Amino acid sequence: MELLEYDNGVYRTPAGSRGWFLARISPTAAFFWRYFLIIFKAARVAKRGELTGQKWAEASRDVLHALEVAGVEAEITGVEHLRSLEGPFIVAANHMSTLETMVLPVVIQPLRKTTFVVKKSLTTMPVFKYIMNSRDAIAVSQTNPREDLKTMLTEGLDRLQRDFALIVFPQGTRRLEFHSAHFNSIAVKLASRAGVPVVPCAIASDAWGLGKWVPELAKIDPRKKLRIAFDAPLAVTGRGEAAQQQTLEYITGKLREWGYAIVDDEPSSASKKGADTLPTT
444 MELLEYDNGV YRTPAGSRGW FLARISPTAA FFWRYFLIIF KAARVAKRGE LTGQKWAEAS
504 RDVLHALEVA GVEAEITGVE HLRSLEGPFI VAANHMSTLE TMVLPVVIQP LRKTTFVVKK
564 SLTTMPVFKY IMNSRDAIAV SQTNPREDLK TMLTEGLDRL QRDFALIVFP QGTRRLEFHS
624 AHFNSIAVKL ASRAGVPVVP CAIASDAWGL GKWVPELAKI DPRKKLRIAF DAPLAVTGRG
684 EAAQQQTLEY ITGKLREWGY AIVDDEPSSA SKKGADTLPT T
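Going left to right, the sequence shown walks through residues 444 to 724 as my numbering numbers them.
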């Protein structure tokens, strides 16, 4: 059951969602006290082995609503493309901040069981480890690209064969700027092996910035809008060059439409091969 109210496949923050006192004095404080309560509650439930997909999606919805109370307006489009899919798929998205890892589950999990590729450290980190380990996440080290690639292809194929939707961030790490050369081809390669479609997803999530010392602990800026846009699913043929190019064109086109700059630097040979730093939350 979907947890957000859509109008023709579009979700927009309802009018009057912003709080009054603390939200207007300090949006960051207004968000984070709610956020920590949500995460600690979800972790306790996961530790007991009771964090179902439904409860995970509800926690994700609560994080979105906490952002809205802090003054961040959201717009999510293209959900009809996800609804049209009858089997597993890969979502290939740019990765701007922590925000999308917290909000995407409320969009996708109600339609199909969902998981991410994550840094291995998140599966051992206090509190977060209980949530990550309950979701069948794919953990990679980010220190051994060859082994990480093997893990991605082996475990990614396993999740897709088990009817998961897999969320992949081919940039490898969070970046406020989109560098097209860092968007490697791992998503389309995995989709080709598994015989599943790729859904391009463009995200503008710098309303939740990147912290200087701890990336997750950053300022909340309600002047910036959360935007998530899904495109029509792409069938991957051959080596996937066409699907990779279409995915890049969709994401860069949306980011430009929303007023973000694109850095078109020259890809390294590793990035061209899809063996760059592997995608993680």
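Idealized CB from N, CA, C, for every residue including glycine. Only a predicted model underlies this, so the values are computations on that prediction, with no experimental measurement involved.
Per-residue DSSP class, three states only, for residue i
i      : result
Ile591 : Position check: residue 591 holds Asp in this sequence, whereas Ile was assumed. Of the three classes helix, strand and coil, the one that applies to Asp591 here is helix, per DSSP.
Lys632 : helix
Gln450 : One detail in the question is off: residue 450 reads as Asp in this sequence, not Gln. Residue state, collapsed to three classes: strand.
Glu692 : helix
Thr566 : helix
Lys556 : coil
Glu445 : coil
Arg699 : helix
Asp719 : The pLDDT assigned to Asp719 is 42, lower than 50, so where the model puts this residue is not dependable, and the model offers no usable value.
Arg467 : helix
Ser460 : coil
Ala713 : Summary for Ala713: the model assigns pLDDT 40, below 50, so the residue's position carries little reliability, and this model does not support an answer.
Val550 : helix
Beta bridge counterpart(s) of residue i as assigned by DSSP
i      : result
Ala582 : Val561
Ile705 : Phe621
Arg455 : Glu518
N- and C-terminal bounds of the alpha helix (DSSP H) containing residue i
i      : result
Met575 : 571 to 577
Heavy atom of the ligand SAH within 6 Å of residue i beta-carbon
i      : result
Val550 : Inclusion of the ligand SAH in the displayed structure is not the case, the ligand content being empty and no account of it being possible.
Expected contact under 8 Å - CB spacing of residue i and residue j to nearest Å
i      : j      : result
Ala580 : Thr558 : 5 Å
Leu525 : Val642 : 7 Å
Glu543 : Ala535 : Actually they are not in contact, since the Cβ atoms of Glu543 and Ala535 sit about 12 Å apart, beyond 8 Å.
Ala486 : Val561 : Not confirmed; about 15 Å, so no contact.
Val522 : Ser460 : Not quite, the Cβ-Cβ distance comes to about 19 Å (not below 8 Å), so this is no contact.
Gly599 : Leu547 : Between Leu547 and Gly599 the Cβ distance is about 17 Å, and since that is not below 8 Å, they are no contact.
Gln552 : Trp499 : 6 Å
Leu609 : Ile663 : Actually they are not in contact, since the Cβ atoms of Leu609 and Ile663 sit about 28 Å apart, beyond 8 Å.
Arg618 : Met568 : Wrong, their Cβ atoms sit about 21 Å apart, outside the cutoff.
Ala509 : Ile481 : 7 Å
Ala704 : Arg670 : Not quite, the Cβ-Cβ distance comes to about 15 Å (not below 8 Å), so this is no contact.
Ala630 : Tyr693 : 13 Å between Cβ atoms; not a contact.
Met545 : Val506 : 4 Å
Val549 : Leu691 : Not a contact, Cβ separation roughly 26 Å.
Glu501 : Arg455 : About 20 Å separates the two Cβ atoms, so there is no contact after all.
Lys556 : Gly615 : Not a contact, Cβ separation roughly 25 Å.
Pro640 : Ala678 : 6 Å
Any chance you could list the alpha helix (DSSP H) runs of at least 4 consecutive residues sitting entirely within the stretch 469 to 548, in chain order? 470 to 490, 496 to 512, 522 to 526
Just to confirm the assignment: which complete alpha helix (DSSP H) runs, minimum length 4, are found wholly within the stretch 598 to 685? 629 to 637
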